[in-house]
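**Q** For the sequence shown, my numbering gives the first residue as 942, with consecutive numbering after it.
Please see the structure below; I have some questions.
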Amino acid sequence: MRTPVAIIGAGPSGLLLGQLLHTYGVDNVVIEQRSADYVLGRIRAGVLEQVTVDLLHEAGVGQRVQAEGLLDDHFVIAFNGQVHNIDLLARTGKRVTVYGQTEVTRDLMNARAAAGLSTVYEADDVALHGFDGSSPYVTWRKDGVEQRLDCDWIAGCDGYHGVSRASVPADKIQTFEKVYPFGWLGILADVPPISHEIVYANHERGFALASLRSPTRSRYYVQCSLQDQVSDWSDDAFWAEFAARLPAALADKITTGPSIEKSIAPLRSFVAEPMRFGRLFLAGDSAHIVPPTGAKGLNLAAGDVGLLSRALAEFYKEKSSAALDDYSRRALARVWKAERFSWWFTTMMHRFPENGAFGARMQIAELDYLMSSEAMQTAVAENYVGLPL
Ligand code: RFL
Ligand code: PHB
């Protein structure tokens, strides 16, 4: 088997890359270790930047996000019992779209199937070979049978725990990491959301976030201890803690109900440099992780593959490798800015027990300043709606 671009991973970055390349006339094969249902079962991101929505349109999968995505022209920051707006539209002229990662993935999977593009699910022992030379290839086992795919380029879109980054020799890669001393406990429930806007709450009991997937489906989170297990948190315990961390005006709007998903995610900032190794490119979570405060992870993944797909198209159409040679530099410049914003927003909103009462007062001073300064609100809004590609 041979293809121009072998894509490792059928998460949003791999599937979006495949669809963008297809629209540019570049064939590709996606190799994923899990089943399609498993990939669709992961509940993750919910907020799309306009750059991401534009890329979905470019990839030919914009119809449903256009019809069903909820447009938010502001988001909410709560602290000291008060509720404050960050007016995205007034400060930047842009909005964000609330539309679940699950739905983005489903739209991309359907489009890939309709276009007849080749996807291998449940591939075991995926391995990357020869990307430091001119003839890279990928091997895997499917139903016990060894398979090989020769290609011009490999796109490592296989997330933080994937094989692509791990295949790079240690002396060729530099990594930067910060692990936060807490996690997020998230639940999904078929109850009406407290608000159509995303609410980020700083509270002395810890951070809370109110988000949604639709007018009838809520996605809520509370900061939790890294020692906590999902089984430690009954639905009742979650609802009580969530309500305790919101200002009364918002807590009064909570409709409780049984959770249909409940999980704990650790928080991490991580960047690998560079994002190209010979004929291997890294994109999305395989190259970088942000804590979810600020909703940047999926959007960064989309930005990476936006740049990479155009660079690959230029290579095949114009026989120029200039954009491919510049991919890592351009992607990393944008990635580090989103890392900074996500780290800063996380630091301002969460309880850090080791920072004590002084640290908590610093957060309140910063939040007070934010809400009194139009300049600061513009800076936050600019980052939240997403920096240009
Ligand atoms: P993914 O989604 O991890 O997909 C990688 C795929 O590669 C497969 N894979 C392999 N395939 C073949 N061989 C191997 N050896 C493989 N190893 C792994 C995996 O099975 C998987 O299918 O990475 P990708 O595509 O780069 O996408 C990144 C996003 O998923 C991620 O950044 C976001 O979910 C982060 N994130 C958020 N991002 C946002 O932009 N907005 C949000 O509101 C937002 N909220 C979140 C989030 C992430 C969260 N968690 C759980 C980490 C909320 C949470 C709670
Ligand atoms: C979500 O809807 O899952 C979500 C929203 C905003 C964030 C993180 C996650 O910052």
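Where is the CB? At the ideal position from N, CA and C, for every residue including glycine.
So what's Glu-1296 in DSSP terms, helix, strand or just coil?
**A** Counting from 1 along the sequence shown, the entry for residue 1296 is found at position 355. Here residue 1296 turns out to be Asn, not Glu, going by the sequence shown. Note: Asn-1296 maps to helix in three-state DSSP.
**Q** Answer yes or no: the CB of Pro-1233 versus the heavy atoms of the ligand PHB, is any distance below 7 Å?
**A** Position 292 of the sequence shown holds residue 1233. Flag set: Cβ of Pro-1233 near the ligand PHB.
**Q** Is Leu-1328 a contact residue of the ligand PHB, with contact defined as CB to any heavy atom under 7 Å?
**A** The residue you call residue 1328 lines up with position 387 of the sequence shown. It does not: the Cβ of Leu-1328 is nowhere closer than 7 Å to a heavy atom of the ligand PHB.
**Q** Return the Cβ separation of His-1015 and Leu-996 in integer angstroms, given the expectation that the two are a contact with Cβ distance under 8 Å.
**A** Your numbering for residue 1015 matches position 74 in the sequence shown. Your numbering for residue 996 matches position 55 in the sequence shown. Contact flag wrong, Cβ pair sits at about 24 Å.
**Q** Locate the alpha helix (DSSP H) running through Glu-1259, then write down its first and last residues.
**A** Along the sequence shown, read from residue 1 onward, the residue named residue 1259 stands at position 318. Start and end: 1238-1259.
**Q** DSSP state of Ala-1064, grouped into three classes?
**A** What you label residue 1064 is simply residue 123 of the sequence shown in a count that begins at 1. If DSSP states are grouped into helix, strand and coil, Ala-1064 belongs with coil.
**Q** Taking only runs that begin and end inside the stretch 1139-1217, name each unbroken alpha helix (DSSP H) of 4 or more residues, in chain order.
**A** For the stretch 1139-1217, whole alpha helix (DSSP H) runs of length 4 or above, ordered along the chain, are 1176-1185 and 1189-1192.
**Q** Taking a contact to mean a Cβ-Cβ separation below 8 Å, would you say Arg-1186 touches His-1137 in this structure?
**A** Within the sequence shown, the letter at position 245 stands for residue 1186. Within the sequence shown, the letter at position 196 stands for residue 1137. No. Outside cutoff.
**Q** Could you give the first and the last residue of the continuous beta strand (DSSP E) run that contains Gly-1235?
**A** What you label residue 1235 is simply residue 294 of the sequence shown in a count that begins at 1. Element bounds for Gly-1235: n/a, residue is neither H nor E.
**Q** I'd like the ranges of any alpha helix (DSSP H) spanning at least 4 consecutive residues and lying wholly in the stretch 1054-1138.
**A** Counting only runs of 4 or more, we get 1104-1107.
**Q** For Ile-1135, collect the residues of the same chain with a Cβ closer than 6 Å to its Cβ; drop the 5 residues on either side in sequence, then sort them by chain order.
**A** Here residue 1135 corresponds to residue number 194 of the sequence shown, with the count starting at 1. Contacts found: Ala-1151, Leu-1191, Lys-1194 and Ile-1195.
**Q** Among the candidates Ala-1316, Ile-1128 and Gln-960, whose CA atom is the shortest distance from the CA of Asn-1051?
**A** Within the sequence shown, residue 1051 is the residue found at index 110, counting from 1. The candidate whose alpha carbon is nearest that of Asn-1051 is Gln-960.
**Q** What are the partner residues of Leu-962, as DSSP defines its beta bridges?
**A** Taking the first residue of the sequence shown as 1, we reach residue 962 at position 21. Leu-962 is not bridged to any residue.
**Q** Could you give the first and the last residue of the continuous alpha helix (DSSP H) run that contains Ala-1316?
**A** Reading the sequence shown from its first residue, position 375 is the one you call residue 1316. Per DSSP, Ala-1316 belongs to the alpha helix (DSSP H) from 1315-1326.
**Q** Mind pulling the alpha helix (DSSP H) runs of 4 or more residues that sit fully within the stretch 960-1022?
**A** Fully enclosed alpha helix (DSSP H) runs of 4 or longer: 977-982, 991-999 and 1004-1009.
**Q** Could you please give the first and the last residue of the uninterrupted alpha helix (DSSP H) stretch that includes Arg-1275?
**A** For this step, residue 1275 is matched to residue 334 along the sequence shown. Start and end: 1263-1290.
**Q** Is the stretch 1197-1214 close to the stretch 1173-1183, with three or more CB pairs under 8 Å?
**A** Judged by Cβ distances under 8 Å, the stretch 1197-1214 makes contact with the stretch 1173-1183, as three or more pairs qualify.
**Q** Any Cβ of chain C within less than 8 Å of the Cβ of Asp-995?
**A** Among the chains in the structure shown there is no chain C, since it carries only a single protein chain.
**Q** Taking Gly-1244 as the reference, give the member of Arg-983, Ala-1279 and Tyr-1121 with the closest Cα.
**A** In the sequence shown, the residue the question calls residue 1244 occupies position 303. The shortest C-alpha separation from Gly-1244 is found at Ala-1279.
**Q** Using only the heavy atoms of the ligand PHB, determine whether one of them is closer than 7 Å to the beta carbon of Gly-1022.
**A** What you label residue 1022 is simply residue 81 of the sequence shown in a count that begins at 1. Checking every heavy atom of the ligand PHB against the Cβ of Gly-1022, none is found closer than 7 Å.
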